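One structure below.
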Amino acid sequence: GAGVSQSPRYKVAKRGQDVALRCDPISGHVSLFWYQQALGQGPEFLTYFQNEAQLDKSGLPSDRFFAERPEGSVSTLKIQRTQQEDSAVYLCASSSSGYGSRQPQHFGDGTRLSIL
Amino acid sequence: DAKTTQPPSMDCAEGRAANLPCNHSTISGNEYVYWYRQIHSQGPQYIIHGLKNNETNEMASLIITEDRKSSTLILPHATLRDTAVYYCIVQTGNQFYFGTGTSLTVIP
Numbered sequence: 326g327a328g329v330s331q332s333p334r335y336k337v338a339k340r341g342q343d344v345a346l347r348c349d350p351i352s353g354h355v356s357l358f359w360y361q362q363a364l365g366q367g368p369e370f371l372t373y374f375q376n377e378a379q380l381d382k383s384g385l386p387s388d389r390f391f392a393e394r395p396e397g398s399v400s401t402l403k404i405q406r407t408q409q410e411d412s413a414v415y416l417c418a419s420s421s422s423g424y425g426s427r428q429p430q431h432f433g434d435g436t437r438l439s440i441l
Numbered sequence: 272d273a274k275t276t277q278p279p280s281m282d283c284a285e286g287r288a289a290n291l292p293c294n295h296s297t298i299s300g301n302e303y304v305y306w307y308r309q310i311h312s313q314g315p316q317y318i319i320h321g322l323k324n325n326e327t328n329e330m331a332s333l334i335i336t337e338d339r340k341s342s343t344l345i346l347p348h349a350t351l352r353d354t355a356v357y358y359c360i361v362q363t364g365n366q367f368y369f370g371t372g373t374s375l376t377v378i379p
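Sequence lines, in order, name chains A and B. Heads up, the first sequence is in this note's numbering, so the first residue is 326 and it goes up one at a time. Heads up, the second sequence is in this note's numbering, so the first residue is 272 and it goes up one at a time.
Have a look at this one:
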């Protein structure tokens with residue numbers, strides 16, 4: 326497909342389990358972003374990659390959250406020892422240019438994570 | 272960090288123009304204003320963006336005041352499919368600050 330693809334669309338996990346969320350950006354897009362969206366709220370920035378380099382991780386809420394993009398394409402957001410407050414929709418976005426670019430971000434439909 | 276203020280909800284009659292306001296009084300000179308919308312269970316969809324000039328594309332028009340402290344998104348002929356949450360965003364570096372947006376309901 327031509328857009329940003331995220332998988333799985335829905336994930337249910339028990340508290341304390343580790344989860345991994347995948348993002349396939351638009352082919353050739355340099356920049357990749359992860360956001361967290363709580364129910365009824367706007368998305369909140371988590372982290373930013375330019376190619377394989379993680380240039381900004383200031384939004385990650387704790388050291389349980391880890392993101393990687395080893396080959397500058399697909400990215401994985403991993404959450405260790407999940408807590409109930411981690412329940413949210415996790416959105417991935419990509420854009421065609423690098424740091425400081427004014428190119429718009431294109432979003433996937435997100436992964437809805439529910440922690441029981 | 273520049274932030275935006277939007278009314279929480281608005282209604283618009285189908286076929287009429289929808290005018291969605293946004294206040295961004297702390298915006299810096301090189302920060303762009305972006306508009307996105309989000310339909311339930313989907314990711315945000317890009318609409319339009321601008322710096323200081325008015326912009327128009329096939330979806331909407333963006334009017335930015337001369338002092339850049341506010342802007343208005345105009346959907347010229349609203350349809351039922353335009354019902355969504357609309358976010359006005361100021362980009363700082365690489366970060367988008369979404370806020371809580373305006374929930375627009377288009378009424379038949």
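The beta carbon of each residue, even a glycine, is placed where N, CA and C say it ideally should be. These numbers were taken from a predicted model, which means no experiment stands behind them.
Interface residues of chain B facing residue i [CB-CB closer than 7 Å]
{"i": "Gln366 (chain A)", "result": "Thr371"}
{"i": "Tyr335 (chain A)", "result": "Correct list: empty, because the minimum Cβ distance to chain B is about 10 Å."}
{"i": "Leu397 (chain A)", "result": "Residue identity check: residue 397 (chain A) is Gly in the sequence provided, not Leu. Under the 7 Å cutoff, chain B gives no residues; its nearest Cβ is about 16 Å from Gly397 (chain A)."}
{"i": "Gly435 (chain A)", "result": "Gly314"}
Beta-carbon proximity check, residue i vs residue j, cutoff 8 Å
{"i": "Pro368 (chain A)", "j": "Gln361 (chain A)", "result": "yes"}
{"i": "Ser296 (chain B)", "j": "Lys340 (chain B)", "result": "yes"}
{"i": "Ser289 (chain B)", "j": "Leu346 (chain B)", "result": "Note that residue 289 (chain B) is Ala in the sequence shown, not Ser. Taking 8 Å as the Cβ cut-off, Ala289 (chain B) and Leu346 (chain B) qualify as a contacting pair."}
{"i": "Val337 (chain A)", "j": "Ser439 (chain A)", "result": "yes"}
{"i": "Val377 (chain B)", "j": "Asp338 (chain B)", "result": "no"}
{"i": "Leu322 (chain B)", "j": "Tyr307 (chain B)", "result": "no"}
{"i": "Ile318 (chain B)", "j": "Leu351 (chain B)", "result": "no"}
{"i": "Tyr385 (chain A)", "j": "Tyr424 (chain A)", "result": "Going by the sequence as given, residue 385 (chain A) is Leu instead of Tyr. Cβ atoms of Leu385 (chain A) and Tyr424 (chain A): not closer than 8 Å."}
{"i": "Val414 (chain A)", "j": "Arg437 (chain A)", "result": "yes"}
{"i": "Gly433 (chain A)", "j": "Gly314 (chain B)", "result": "yes"}
{"i": "Val355 (chain A)", "j": "Gln375 (chain A)", "result": "yes"}
{"i": "Val361 (chain B)", "j": "Thr276 (chain B)", "result": "no"}
{"i": "Gly286 (chain B)", "j": "Ala349 (chain B)", "result": "yes"}
{"i": "Ala392 (chain A)", "j": "Thr372 (chain A)", "result": "yes"}
Interface partners of residue i on chain A, CB under 9 Å
{"i": "Tyr317 (chain B)", "result": "Pro429, Gln430, His431, Phe432"}
Interface residues of chain A facing residue i [CB-CB closer than 8 Å]
{"i": "His320 (chain B)", "result": "Arg427, Pro429"}
Distance between beta carbons of residue j and residue i, contact taken as under 8 Å
{"i": "His431 (chain A)", "j": "Gly353 (chain A)", "result": "So it is not a contact: roughly 12 Å between Cβ atoms."}
{"i": "Val291 (chain B)", "j": "Thr371 (chain B)", "result": "Per the sequence shown, residue 291 (chain B) should be read as Leu rather than Val. About 13 Å separates the two Cβ atoms, so there is no contact after all."}
{"i": "Gln309 (chain B)", "j": "Tyr358 (chain B)", "result": "7 Å"}
{"i": "Gln312 (chain A)", "j": "Arg340 (chain A)", "result": "In the structure as shown, chain A starts at 326 and stops at 441, and residue 312 (chain A) therefore has no counterpart that could be examined."}
Under 9 Å by beta carbon: chain B residues contacting residue i
{"i": "Leu416 (chain A)", "result": "Gly314, Pro315"}
{"i": "Phe370 (chain A)", "result": "Asn365, Gln366, Phe367, Tyr368, Phe369"}
Interface residues of chain B facing residue i [CB-CB closer than 8 Å]
{"i": "Asp381 (chain A)", "result": "Gly364, Asn365, Gln366"}
Contact set between residue i and chain A, taken where Cβ atoms lie within less than 7 Å
{"i": "Tyr357 (chain B)", "result": "The contacting residues do not exist; Tyr357 (chain B) stays about 11 Å from chain A at best."}
*Three-pair Cβ contact test at 8 Å for the segment 351–360 of chain A versus the segment 392–401 of chain A*: yes
_Could you tell me which whole beta strand (DSSP E) segments of length 3 or greater appear in the segment 329–405 of chain A?_
330–332, 335–338, 344–349, 356–362, 369–375, 378–381, 390–393, 400–404
*Any chance you could list the beta strand (DSSP E) runs of at least 3 consecutive residues sitting entirely within the segment 281–321 of chain B, in chain order?*
289–294, 304–309, 316–321
*Runs of beta strand (DSSP E) wholly within the segment 408–437 of chain A (minimum 3 residues, chain order)*: 413–420
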